[in-house]
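Q: All residue numbers for the sequence shown refer to the working numbering, where the first residue is 5 and numbers rise by one.
No residue lacks a Cβ here, since even glycine has one placed at the ideal position from N, Cα and C.
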Amino acid sequence: MSRNRTYRIIRNLLICLLIGAVVYACLGFPPYTVKGMCRQMERDYLLEEPLEPLYSLRENSRYMNDHARYTFVVARSGDTYLSFQYEQNFLQNWRYYQHVFPKMSNSVLCTGRNGVLYVAGPFGNAASATAQVTVEKTIMTIDPDTEERQIARGPEKRTFTFQGEKAREDLFLFQYRSGKSDLWPEQVPEAERELEDVVDLWYRSYLKGEGDGSGHGWLHDNVPVQVTLYDEAGAPLETLDLTVDTYELHNW
């Protein structure tokens, strides 16, 4: 009896392992580590050198009934920098681009996510950095009949300056949100509006005839970002002219 019981236990364990392997295969053999996801991105983008993670941030979903966890990654392959996000939900694991799209640069990467500007590159001996983000009111009007688009810029402009936090020798983080994001930025006094609020209000698209009515869309546009690197004595080393998409500056 003891031998039969041992046999049944071993048989059941083997069956469980087989079922687990089948489930794993059905899910597409998803990687469950940051390095595993980097290897997948490395293959998808046909990068010649290994993609090594520089920074990763794990966060739970903001919704109470959602068990998903999100991991944001900044990585490097030779002179190429890449940022992306993926989602984990129990056994499921996939790259999730609803809010954060992959972004790649062959020199210096500049991307925004959830109130933070990430700038990665070969910064050498830079000890500190500042970022100046200049926004300009930009309205696009779309003719629904002809689909013709007209863009009007200005005259309103505003420059925000942020002090960088050195996460590592090739990565600076710039906090551009002081607290929680504002769901109704138009209700925030103009003098108190932060970068995210102004981007929300200034970069919009309307159908012709709607003017500044309630029906609008967010406008994709490149916002200039000027990053200045400093040495330990505070002397400027280099100034980088970069851009960030308006969608990256919105709440994730």
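I need the straight-line Cα distance from residue 157 to residue 59, nearest angstrom please.
A: 36 Å
Q: Keeping to the same chain, check which residues put their C-beta closer than 6 Å to that of residue 153; ignore five residues upstream and five downstream.
A: 144, 146
Q: Given a cut-off of 8 Å, decide if residue 200 and residue 117 are closer than it, judged by their beta-carbon atoms.
A: no
Q: Applying the criterion that 16 or more other CB atoms from any shown protein chain within 10 Å of the CB defines a buried residue, is residue 246 buried or exposed?
A: buried
Q: Going by C-alpha to C-alpha distance, which of 189, 133, 192, 212 sits closest to residue 241?
A: 133
Q: Taking residue 115 and residue 136 to be in contact with their CB atoms under 8 Å, please state how far apart those CB atoms are, rounded to whole angstroms.
A: The Cβ separation is near 17 Å, so there is no contact.
Q: Take residue 254 and list the residues in its own chain whose beta-carbon comes closer than 6 Å to its own, dropping the five residues that flank it on each side.
A: none
Q: Which same chain residues, not among the five before or five after residue 84, have their C-beta less than 6 Å away from its C-beta?
A: 110
Q: Hey, quick one: how far does the beta strand (DSSP E) through residue 242 stretch, first residue to last?
A: 240–249
Q: So for residue 150, helix, strand or coil by DSSP?
A: coil
Q: Nearest by alpha-carbon distance to residue 169: which of 52, 231, 223, 15 is it?
A: 231
Q: Report the rounded CA-to-CA distance for residue 122 versus residue 211, giving the unit in angstroms.
A: 34 Å
Q: Out of 62, 124, 87, 182, which one is the CA nearest neighbour of residue 233?
A: Distances from the CA of residue 233 to each of 62, 124, 87, 182 were compared; the closest alpha carbon is that of 124.
Q: Leaving out the 5 sequence neighbours to the left and right, which residues in its chain are closer than 7 Å to residue 249 when beta-carbon positions are compared?
A: Within the same chain, residue 249 has close Cβ partners 224, 226.
Q: Assign residue 119 to buried or exposed, taking buried as 16 or more other Cβ atoms, counted over all protein chains shown, within 10 Å of its Cβ.
A: buried
Q: Can you give me the C-alpha to C-alpha distance between residue 87 and residue 79, rounded to a whole angstrom?
A: 6 Å
Q: Check residue 17 in the structure and name its three-state DSSP category.
A: helix
Q: Would you grab the beta carbon distance between residue 235 and residue 131 for me? Rounded to a whole angstrom, and I think it's under 8 Å.
A: 6 Å
Q: Check whether the Cβ atoms of residue 198 and residue 182 sit closer than 8 Å, and answer yes or no.
A: Here residue 198 is near residue 182, since their CB atoms are less than 8 Å apart.
Q: Going straight from the alpha carbon of residue 53 to that of residue 46, what length do you get?
A: 8 Å
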